[in-house]
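Down below is the structure, laid out as structure tokens.
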Amino acid sequence: MLGYIVRRVLLIIPTMLVISIVVFLVIQLPPGDYANTLMSTMQDSGMDSFGFEALRKQYGLDQPLHVQYGRWVWGIVTAGDFGYSFKWSVPVSQLIWDRLGLSVLVSLSALVLTWCIALPIGIYAAARKYTVGDYLASFIGFAGLAVPNFLLALLIMYAAFSIFGMSVGGLFSAEYVNAPWSFAKIADLMSHIWIPALVVGLGGTASLIRIMRANLLDELGKPYVVTARAKGLGETRLLLKYPLRLALNPFVSSLAWVLPGLVSGETIVSIVLSLPTTGPLLLDALIAQDMYLAGSIILMLSVLTIVGTLISDILLAVLDPRVRYA
Amino acid sequence: MLDAIPDARTVERLKRKRERYLAAGQWTLIWRRFRRHTLGLIGGAIAVLIYLIAIFAEFLAPTTLEDYTAAYRFAPPMPLEIVHVGADGAWQWGLHTHPLVPTVDKVKMRRTLAPDPRKLVPVGFFVPGEPYRFWGLFPTDIHLIGTSDPKVPLMLLGSDRLGRDLLSRIIYGARISLSIGLFGVAISFALGVVIGGISGYLGGVTDNLIQRLVEILDSIPSVPLWIGLAAIIPLTLAPELVYFLITLILALIGWTGLARVVRGRFLALKSEEFISAARLDGASPLRIIMHHMVPSFMSHIIAALSLAIPGMILAETALSYLGIGLRPPVVSWGVLLQDAQNIRTIVEAPWLLLPGVAVVITVLALNFFGDGLRDAADPYSS
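What follows is the structure, given as structure tokens:
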């Protein structure tokens, strides 16, 4: 068990290295840098090109790529320093942690909601195979897969506005946006978070319902189920006692590929619903070529996804001994 | 459990059926199995229909992309009626619509367009309208459907803020949205087959390295990366180049799934007896791959491809909606949805969300189709 965990944790290091290189290349690819962006917006404010050269030097933008990359990664690893946001004129680390926290919160809520929806529906669909309910479940699942989540967000906004006359954007009511954290603020957050969580999670439920249904169906045909039924075990207990527990393993391992999807969905939905999470900040930063901010957000989203995957792998190993020795 | 011993005729009939089954080729078997998948069949039919609409867009659209009617800005969908009951109670038959006239909504206190119930404009099929070049080649002005009065446009799904017909734009948008899915999948396919093939055929260290790379790429959330790559594209670039680059971006991130399928099939087939036989016969690796392996996993590849297209369409729509994918004057479903950015516009003109319906129908149809194909891809399994 310990060996498995150590191996799994060690594998993270090359993964993070590759991801950080990919991310750095992506944010470096645009021609020009922030100084150019600044130059084009402040052309007539009297700042001459000499000033921009000085700026470039100050931020290390005149250095070769690998030096810039090395400095960036070294700063993050040793000092938690993600670089400097040119647009906001503050260190990146000041900007992203609050928003990352909320991103994680929305994604996790979406995950919990996905499970709460997919688990019972999947069990129902398997237990009542080929009934109207089964077909309805797969149809809803497929519909969730086919509706782009930004469209779903728009629809919910539209419905909320035209039917209830309320606006659903954001994560907080106006009076709590700048308020310090308190129980009232948390309660306010909880009353807002379910909409983005539902929107983000719905896409993932489809595949989870299908996985749950297929796994449970596989188990239900096995001899031990027949034996248990022959011995007179009630249908509900029969279902929940053994087959369900076995069918749950793939459910846990599905976290590994559900998580990147959730984070992706959260990014888009948060832009549409203008949530105070990383999505809108990332889009802004990319458009303004605020490279350290954009890169740090992409990097941290990826890292958090990988950590989530790691946790799911370890959970699975705890649940299912076969995984540890594979 | 047999109720009765079957008579000789039945035995003979079943025997012939069995022989036909055993003699049938792979593709016949796949088709037979696919035919039983009702949802897959329906999905396939709808997908074909949508692709046909995209191909014949100029003719099917009531008007051209550039055409606009200034008096019909934010026009609601116009009604299409067969029978008109006049003020005197007399019934008047014939396909028609009502021209829109400005009215003041007294509750919301704003001007809107509403059909004028007193005026009729006949609607016909194969009527002359805006001139266009069919497939950019043949000049003509015949549209499938249109009004007989050139001053009254036919806006069955309403219009946008410039008074352009939404239905026509959705039909033209199908071209871009669908083709980007096809091209994107084609590029991913090339990448996936080459990389997955190398990985599966060579095995060992190469396989291990490639698989780790695929795993890493899969663990990065794709949307932030997509946004990052799409933001690189300069705003001033020609629309065709933007289209090409967006397709490339979608493909660069989407190939991993296909590579997995190809590698899996390679590994599964490598130990099959007919492959060993070919190798012992002295066939070259290329010949083994092209002549023996590819035909037997082609169906799996096609299924994986058709399941990859909807993802590409959704990704393009999302990117364009965020304003960093395709941009006007290129018209795709995502570009059309850009008009529905803020809640005020949506409340005033909810029909601007209709391009989203086109996306949903297409993605659903392709998903069902791909699902059916995947089930049918291996006709020899039980």
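Chains as they are written, first to last, in the working numbering: chain A, -9 to 316; chain B, 16 to 397.
Backbone N, C-alpha and C define an ideal beta-carbon position, used for all residues, glycine too.
Quantities reported herein were computed from a predicted structural model and do not represent experimental measurements.
Residue i burial status per 10 Å Cβ neighbour count (16 or more: buried)
{"i": "Glu425 (chain B)", "result": "Because chain B spans 16 through 397 in this model, residue 425 (chain B) falls outside it and cannot be assessed."}
{"i": "Asn357 (chain B)", "result": "exposed"}
{"i": "Val276 (chain B)", "result": "buried"}
{"i": "Thr217 (chain A)", "result": "exposed"}
{"i": "Leu37 (chain B)", "result": "exposed"}
{"i": "Ile153 (chain A)", "result": "exposed"}
{"i": "Pro343 (chain B)", "result": "exposed"}
{"i": "Arg31 (chain B)", "result": "exposed"}
{"i": "Ala84 (chain A)", "result": "According to the sequence as given, residue 84 (chain A) is Gln; it is not Ala. Exposed, by the Cβ-count rule."}
{"i": "Ile176 (chain A)", "result": "exposed"}
{"i": "Ser291 (chain B)", "result": "exposed"}
{"i": "Ser348 (chain A)", "result": "With chain A covering -9 to 316 only, the question about residue 348 (chain A) has no answer from this structure."}
{"i": "His56 (chain A)", "result": "exposed"}
{"i": "Ile3 (chain A)", "result": "exposed"}
{"i": "Ala180 (chain A)", "result": "Looking at the sequence provided, one finds Met at residue 180 (chain A) rather than Ala. Flag for Met180 (chain A) reads exposed."}
{"i": "His158 (chain B)", "result": "buried"}
{"i": "Met(-9) (chain A)", "result": "exposed"}
{"i": "His306 (chain B)", "result": "exposed"}
{"i": "Asp354 (chain B)", "result": "buried"}
{"i": "Asp103 (chain B)", "result": "exposed"}
{"i": "Glu225 (chain A)", "result": "exposed"}
{"i": "Asp88 (chain A)", "result": "exposed"}
{"i": "Trp184 (chain A)", "result": "exposed"}
{"i": "Ile20 (chain B)", "result": "exposed"}
{"i": "Ser314 (chain B)", "result": "buried"}
{"i": "Tyr166 (chain A)", "result": "buried"}
{"i": "Leu169 (chain B)", "result": "buried"}
{"i": "Arg264 (chain A)", "result": "The displayed chain sequence assigns Ser, not Arg, to residue 264 (chain A). Ser264 (chain A) is exposed by the Cβ-count criterion."}
In DSSP terms, what residue i is bridged to
{"i": "Phe149 (chain B)", "result": "B:Phe153"}
{"i": "Gln107 (chain B)", "result": "B:His99"}
{"i": "Ala129 (chain B)", "result": "B:Val116"}
{"i": "Tyr74 (chain A)", "result": "A:Pro81"}
{"i": "Ile160 (chain B)", "result": "B:Phe140"}
{"i": "Ser174 (chain B)", "result": "B:Asp180"}
Given residue i as reference, the closest of the options once Cα atoms are compared
{"i": "Ser243 (chain A)", "options": "A:Ser83, A:Tyr166, A:Phe14, A:Gly298", "result": "A:Gly298"}
{"i": "Ala100 (chain A)", "options": "A:Ala164, A:Arg118, A:Val190", "result": "A:Val190"}
{"i": "Pro266 (chain A)", "options": "A:Gly160, A:Leu230, A:Leu306, A:Leu289", "result": "A:Gly160"}
{"i": "Leu198 (chain A)", "options": "A:Asn239, A:Glu225, A:Ala149", "result": "A:Asn239"}
{"i": "Phe71 (chain B)", "options": "B:Arg35, B:Thr127, B:Arg148", "result": "B:Arg148"}
{"i": "Asp180 (chain B)", "options": "B:Leu367, B:Arg389, B:Thr377, B:Leu240", "result": "B:Leu367"}
{"i": "Trp348 (chain B)", "options": "B:Trp241, B:Gly207, B:Ser192", "result": "B:Ser192"}
{"i": "Ser292 (chain A)", "options": "B:Ile324, B:Ala391, B:His307, B:Leu232", "result": "B:Leu232"}
{"i": "Ile288 (chain A)", "options": "A:Pro233, A:Ile9, A:Leu1", "result": "A:Ile9"}
{"i": "Pro81 (chain A)", "options": "A:Gly60, A:Met281, A:Thr104, A:Ser302", "result": "A:Met281"}
{"i": "Thr79 (chain B)", "options": "B:Glu96, B:Val378, B:Val346", "result": "B:Val346"}
{"i": "Thr118 (chain B)", "options": "B:Leu110, B:Ala298, B:Thr127, B:Asp393", "result": "B:Thr127"}
{"i": "Asp208 (chain A)", "options": "A:Pro233, A:Leu192, A:Gly269, A:Ile277", "result": "A:Pro233"}
{"i": "Arg184 (chain B)", "options": "B:Pro94, B:Tyr83, B:Ala323, B:Ile61", "result": "B:Tyr83"}
{"i": "Pro92 (chain B)", "options": "B:Gly207, B:Ile264, B:Gly272, B:Leu171", "result": "B:Leu171"}
{"i": "Val378 (chain B)", "options": "B:Pro77, B:Ala392, B:Leu322, B:Ala23", "result": "B:Leu322"}
{"i": "Ala189 (chain B)", "options": "B:Gly212, B:Ile65, B:Phe74", "result": "B:Ile65"}
{"i": "Gly211 (chain B)", "options": "B:Arg294, B:Phe312, B:Gly297, B:Tyr336", "result": "B:Phe312"}
{"i": "Leu240 (chain B)", "options": "A:Ala278, A:Leu273, A:Arg227", "result": "A:Leu273"}
{"i": "Ala90 (chain B)", "options": "B:Arg51, B:Asp120, B:Leu177, B:Arg48", "result": "B:Leu177"}
{"i": "Ile202 (chain B)", "options": "B:Glu34, B:Leu320, B:Ile61", "result": "B:Leu320"}
{"i": "Ala391 (chain B)", "options": "B:Glu34, B:Leu44, B:Thr25", "result": "B:Leu44"}
CB-CB length for residue i against residue j, believed under 8 angstroms
{"i": "Gly285 (chain A)", "j": "Phe14 (chain A)", "result": "6 angstroms"}
{"i": "Thr295 (chain A)", "j": "Pro249 (chain B)", "result": "Not a contact, Cβ separation roughly 29 angstroms."}
{"i": "Gly326 (chain B)", "j": "Gly269 (chain B)", "result": "6 angstroms"}
{"i": "Ser234 (chain B)", "j": "Gln226 (chain B)", "result": "Not confirmed; about 13 angstroms, so no contact."}
{"i": "Phe140 (chain A)", "j": "Ile258 (chain A)", "result": "5 angstroms"}
{"i": "Ala245 (chain B)", "j": "Ile339 (chain B)", "result": "4 angstroms"}
{"i": "Val220 (chain B)", "j": "Leu341 (chain B)", "result": "Actually they do not touch by this definition, with Cβ atoms about 41 angstroms apart."}
{"i": "Val167 (chain B)", "j": "Val142 (chain B)", "result": "At roughly 12 angstroms, the Cβ-Cβ gap does not stay under 8 angstroms, so Val167 (chain B) and Val142 (chain B) are not in contact."}
{"i": "Leu351 (chain B)", "j": "Pro365 (chain B)", "result": "About 14 angstroms; that fails the 8 angstroms criterion."}
{"i": "Gly193 (chain A)", "j": "Gly255 (chain A)", "result": "6 angstroms"}
{"i": "Ser375 (chain B)", "j": "Ala136 (chain A)", "result": "A quick correction: the sequence has Val, not Ser, at residue 375 (chain B). Confirmed, about 5 angstroms."}
{"i": "Leu115 (chain B)", "j": "Pro130 (chain B)", "result": "6 angstroms"}
{"i": "Met202 (chain A)", "j": "Gly112 (chain A)", "result": "3 angstroms"}
Length at least 3, wholly inside the region 231 to 265 of chain A: the beta strand (DSSP E) runs in chain order: Listed in chain order, there is nothing to give.
Start-end ranges of the alpha helix (DSSP H) lying completely within the region 119 to 162 of chain A, minimum 4 residues: Secondary structure remark: continuous alpha helix (DSSP H) runs of at least 4 residues inside the region 119 to 162 of chain A, in chain order: 122 to 136, 139 to 149.
Contiguous beta strand (DSSP E) assignments of at least 3 residues, all confined to the region 161 to 239 of chain A: Runs found: none.
4 or more residues per run - each alpha helix (DSSP H) lying fully within the region 299 to 387 of chain B: For the region 299 to 387 of chain B, the continuous alpha helix (DSSP H) assignments of 4+ residues that do not extend past its boundaries occur at 309 to 337, 348 to 352, 358 to 363, in sequence order.
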